[in-house]
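Visitor: Each residue of the sequence shown is one higher than the last, beginning at 20 in the numbering used here.
Built from N, CA and C at the ideal position, the CB exists for glycine as well.
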Amino acid sequence: MSSIHFVVHPLPGSEDQLNERLKEVAERTNRCGYSVPSVLAQLKNAAVIQCVVGPNHVAFLLE
Numbered sequence: 020m021s022s023i024h025f026v027v028h029p030l031p032g033s034e035d036q037l038n039e040r041l042k043e044v045a046e047r048t049n050r051c052g053y054s055v056p057s058v059l060a061q062l063k064n065a066a067v068i069q070c071v072v073g074p075n076h077v078a079f080l081l082e
């Protein structure tokens with residue numbers, strides 16, 4: 020099963036900083052698991068066809 024994870028990274032930032040942040044998120048997920056926020060629980064089984072990320076938004080086109 021696939022999952023979408025969001026990582027907030029300040030700009031300007033280096034590639035090394037982003038890689039460290041992604042590593043932290045992966046380690047936390049492996050150690051603690053993750054839970055779906057209740058607001059998104061109804062979308063858990065929805066298929067995402069397209070994802071668009073802008074400076075102030077994230078949009079998903081669902082099947």
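#1: Output needed for L37: all residues of its chain with C-beta closer than 7 Å, excluding positions within five of it in sequence on either side, in chain order.
#2: Rounded to the nearest angstrom, what separates E43 and P31 at their Cα positions?
#3: Going by DSSP, which residues form a beta bridge with A78?
#4: Along the chain, where does the alpha helix (DSSP H) containing S57 start, and where does it finish?
#5: Can you tell me whether K63 is helix, strand or coil according to DSSP?
Guide: Result, derived from the coordinates:
#1: Once the five neighbours on either side are set aside, the close Cβ partners of L37 are H28.
#2: Going by C-alpha positions, E43 is about 19 Å away from P31.
#3: V71
#4: 57 to 60
#5: coil
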